[in-house]
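First to last, the sequence lines map onto chains E and P.
Residues in the first sequence are numbered consecutively from 7, following my numbering.
Residues in the second sequence are numbered consecutively from -10, following my numbering.
The structure appears below as structure tokens.
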Amino acid sequence: MNEDVLIENKMGKRNPFTVPQGYFDHLAEQVMQMIPEEETLTIRKHETQAPAKKAILRSLRPLFYAAACTCIAVFGVATYLNLDSKASESQQLQSNIVTVHSYSDSYIEEAADYAMLDNDDIYTSLLADM
Amino acid sequence: MMVRQYSEQLYWQVRRIVLTHEDSNDVLQNAFMKAWTSLDTFHGDSKISTWLSRIAINEALDFTRKQKNHPLQSTDDEELGLANQLMADNYFDGDETEAQLQEAIAQLPEVQKTVFMLRYYDEMKYSEISKILGTSEGGLKASYHIAVKKISEFFKKND
Chain E
7 MNEDVLIENK MGKRNPFTVP QGYFDHLAEQ VMQMIPEEET LTIRKHETQA
57 PAKKAILRSL RPLFYAAACT CIAVFGVATY LNLDSKASES QQLQSNIVTV
107 HSYSDSYIEE AADYAMLDND DIYTSLLADM
Chain P
-10 MMVRQYSEQL YWQVRRIVLT HEDSNDVLQN AFMKAWTSLD TFHGDSKIST
40 WLSRIAINEA LDFTRKQKNH PLQSTDDEEL GLANQLMADN YFDGDETEAQ
90 LQEAIAQLPE VQKTVFMLRY YDEMKYSEIS KILGTSEGGL KASYHIAVKK
140 ISEFFKKND
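Here it is in structure tokens:
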């Protein structure tokens, strides 16, 4: 005979455990009551997490403002310096052009005078130097 | 609906592992909560009863594992023996032999214990137990026969 049959013959298959009276009638209700509680807890958790995030953002707001002001100031100074250096550069360039321009005009006139000299003018000038 | 339909069957599966009513009630509620929160992972590959049994049995085995690591019982209770503790329990109406059978089952390793209870008390098919425990049918048959042998030896020793 199989050993499990021997066990069955000796002890049977009766369930020796019991439960409080009406336990199974209320078990489903008990479990169903737990489910909304859990869901509410999850929702509450989300709700409490959102204000917490807002509070953190609110406390960091002055830092954001300070950072924004610094950025604007740095950008402004950089732009001003950049414009200033460009203006001085262009001024310098203009004066250079004027100098070159004036220099080249006098030189051309002198060159033209020199070019218009003929042989008689050259002898006259040499005799005048003697 | 799901709770109403399966709660009693699941309760007895849990109770045979956990043994006391209070602990079984807690474990079963946790199991239902787990099932509820992971309902979207159930794709209908197995019957819903099989899926629920898997969750409940795993929860019960987890509970007994934790109890072994952090025993809440006093040393006096341990010395008393499980059979005597059961006899003193208000929600146990078995005789001494039935209490001893529970003690013998409680001493088995997890898989042997679970397969013995599902087969012996619930007369569940090996194919169904295999889906619950995720073990091959051949392995389960071997575990069941070892469990039966160990229980017989327990009674021979105590006779």
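All C-beta atoms in this analysis are idealised placements derived from N, C-alpha and C, irrespective of residue type, glycine included.
For clarity, every value in this text was computed on a predicted model and none was experimentally measured.
- At least 7 angstroms separates the CB of TYR(-5) of chain P from every CB of chain E.
- By the Cβ criterion, the stretch 83 to 95 of chain P is in contact with the stretch 123 to 141 of chain P, since at least three pairs of Cβ atoms, one from each stretch, lie closer than 8 angstroms.
- Against chain P, the CB of ASP10 of chain E has a partner CB under 7 angstroms away; the residue lies at that interface.
- Under the 8 angstroms Cβ criterion, the stretch 45 to 57 of chain P counts as touching the stretch 2 to 17 of chain P, having at least three qualifying pairs.
- Less than 7 angstroms divides the Cβ of PRO22 of chain E from the Cβ of PHE81 of chain P.
- Annotation: LYS114 of chain P to LYS120 of chain P spans about 10 angstroms, alpha carbon to alpha carbon.
- Judged by pairs of C-beta atoms under 8 angstroms, the stretch -7 to 2 of chain P touches the stretch 14 to 31 of chain P, as three or more such pairs exist.
- In the same chain as TYR(-5) of chain P, and ignoring 5 residues on each side of it, the C-beta atoms closer than 8 angstroms to its own belong to ILE37, SER38 and LEU41, in chain order.
- In this structure, PHE21 of chain P keeps its C-beta atom at 7 angstroms or more from the C-beta atom of VAL25 of chain E.
- Here PHE81 of chain E carries a helix assignment [DSSP, helix/strand/coil].
- Listed as beta-bridge partners of PHE81 of chain P by DSSP are E:PHE23.
- Chain-ordered, the chain E residues with CB closer than 8 angstroms to the CB of THR86 of chain P read LYS16 and MET17.
- ASN8 of chain E and GLN27 of chain E have their C-alpha atoms some 38 angstroms from each other.
- LYS138 of chain P sits in a helix when the DSSP states are folded into three classes.
- Not one beta carbon of chain E lies nearer than 7 angstroms to the beta carbon of TRP40 of chain P.
- Distance between THR130 of chain E and GLU95 of chain E, taken at the CA atoms: about 50 angstroms.
- If the five residues before and after CYS75 of chain E are omitted, its C-beta is found closer than 6 angstroms to no C-beta atom of its own chain.
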